[in-house]
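K.L.:
Attaching a single structure in structure tokens format; questions to follow.
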Amino acid sequence: MIEDDIDQVLAWRNHQDIRRYMHTQHEITRSEHARWFEQANTDPRRALLIFESEGVALGYVNFHQSAQGRIADWGFYAAPQAPKGTGRLMGHAALRHGFTQLNLHKVCGQVLAYNERSLKMHRSLGFQQEGLLREQHFDGQRYHDTVCFGLLAAQWPSTT
């Protein structure tokens with residue numbers, strides 16, 4: 034991801050079909066997003082990626098190595114107008130990058146329990162459920178569980 038991608042990624046992130054599945058669900062301002070990008074883009078523990086197909090940007094992926102030992106949390110979303118199947122293709126490409134280029138040992142993800150498409154995708158990519166954070170997320174009206182997933186490099190690519 035480069036600075037020229039900021040407005041596109043912000044538009045995707047603020048789209049209702051994406052925002053409703055995020056832990057931070059308010060509409061993000063341009064200045065808030067620019068501050069985030071400035072910090073994240075200079076953080077050597079982060080990899081900010083744009084997924085493209087045939088020269089068209091179709092999604093965003095973020096790896097954040099917040100733990101010692103080459104362990105990273107990931108987050109991602111496909112563009113709202115992306116064709117069906119983009120999420121799975123993006124997931125494969127991102128994990129290949131994470132395990133081969135970033136040399137990660139493990140990728141972790143957290144999914145709001147009502148996000149059935151993301152739950153299914155994590156499982157189809159070989160992630161194992163490692164935990165459940167009960168009533169971890171409050172959306173302003175009610176609490177929701179968060180499902181924790183992990184995928185080890187040793188399991189990749191044998192799980193796909």
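In the working numbering, each residue's number is its place in the sequence shown (first place is 1) plus 33. Cβ coordinates follow ideal geometry from the N, Cα and C atoms, glycine included.
Among Leu166, Leu145, Phe182 and Gly88, whose alpha-carbon lies nearest the alpha-carbon of Leu158?
P.N.:
Phe182
K.L.:
Spatial neighbours of Ile61 within its chain, please: C-beta separation below 7 Å, excluding the five flanking residues on both sides.
P.N.:
Answer for Ile61: Leu43, Arg46 and Asn47, listed in chain order.
K.L.:
Under 7 Å Cβ to Cβ from Phe132, same chain only, skipping five residues before and after it: list those, please.
P.N.:
Ala186 and Trp189
K.L.:
Going by the beta-carbon positions, is the gap between Trp107 and Val89 smaller than 8 Å?
P.N.:
no
K.L.:
Could you tell me if Lys139 is buried or exposed, where buried requires 16 or more neighbouring beta carbons within 10 angstroms of its beta carbon?
P.N.:
buried
K.L.:
Below 6 Å CB to CB, which residues in the same chain sit around Arg167 once its five sequence neighbours on both sides are set aside?
P.N.:
Asp178
K.L.:
Which residues in the same chain have their Cβ closer than 8 Å to the Cβ of Gln169, if we skip the five residues on either side of it in sequence?
P.N.:
Tyr176, His177, Asp178 and Thr179
K.L.:
On the criterion of 16 or more Cβ atoms from any shown chain inside 10 Å, does Tyr147 qualify as buried, or is it exposed?
P.N.:
So Tyr147 counts as exposed.
K.L.:
Ignoring anything shorter than 3 residues or poking outside the stretch 137-171, list the beta strand (DSSP E) runs there in chain order.
P.N.:
139-145 and 161-171
K.L.:
Look at Asp172 and Gln49 and say whether their C-beta atoms are less than 8 Å apart.
P.N.:
no
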